[in-house]
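Structure, as structure tokens:
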Amino acid sequence: MAILAILLTLAVPGYLQYLQRARMAEARAALMENGHFMQRWYQLRGVYHQEGPLSWPPLPVLETGAFVIGFSSEAPTSDNIDQASFIIEARAKTGSGLEEWLLKLDQDGNIRQCRQEDGVENCRL
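For the sequence shown, our numbering gives the first residue as 7, with consecutive numbering after it.
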């Protein structure tokens with residue numbers, strides 16, 4: 007019984023890290039799918055936004071098992087209609103165990119993996 011407890015003590019943290027990496031990879035894949043959608047949208051229309059009323063187009067992937075996905079950049083308005091950029095965020099769902107993580111995709115296809123600690127957001131590509 008003691009051996010089993012030791013094995014579980016060693017295995018559980020590794021399994022939890024594996025799950026975290028898998029959920030982050032799933033969110034990155036969803037962001038890439040949305041990014042490809044936005045590039046096709048831009049190629050067909052010449053702009054990233056929808057016409058009248060001005061808004062972002064509906065994304066094909068809005069969530070994964072652990073993340074909610076949506077635009078974080080300012081919504082299109084008549085003042086910024088020529089904006090040629092966007093940011094799509096994947097925010098961890100409450101209770102997912104990944105609440106401190108945030109993924110951001112920009113119009114150039116760069117994905118930033120951010121960790122929020124003490125109100126400060128630290129990101130890396």
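We put the beta carbon where it would ideally sit given N, CA and C, even for glycine.
DSSP state of N128 mapped onto helix, strand, coil: In the structure shown, N128 sits in a strand (DSSP, three-state: E or B).
DSSP state of F43 mapped onto helix, strand, coil: F43 falls in the helix class under three-state DSSP.
Sequence-distant residues of its chain with Cβ nearer than 6 Å to Y48 (five each side left out): Y54
Validate contact between the stretch 64-84 and the stretch 8-21 using beta carbons, cut 8 Å, 3 pairs: Output reads no: the stretch 8-21 does not touch the stretch 64-84.
Strand pairing of S61, partner residues [DSSP]: Q56
Continuous beta strand (DSSP E) stretch holding E95: start and end: I93 to A98
Alpha-carbon to alpha-carbon, A8 and D112: Whole-angstrom Cα-Cα distance: 50 Å.
Inter-residue Cα distance where the pair is Q45 and A81: 17 Å
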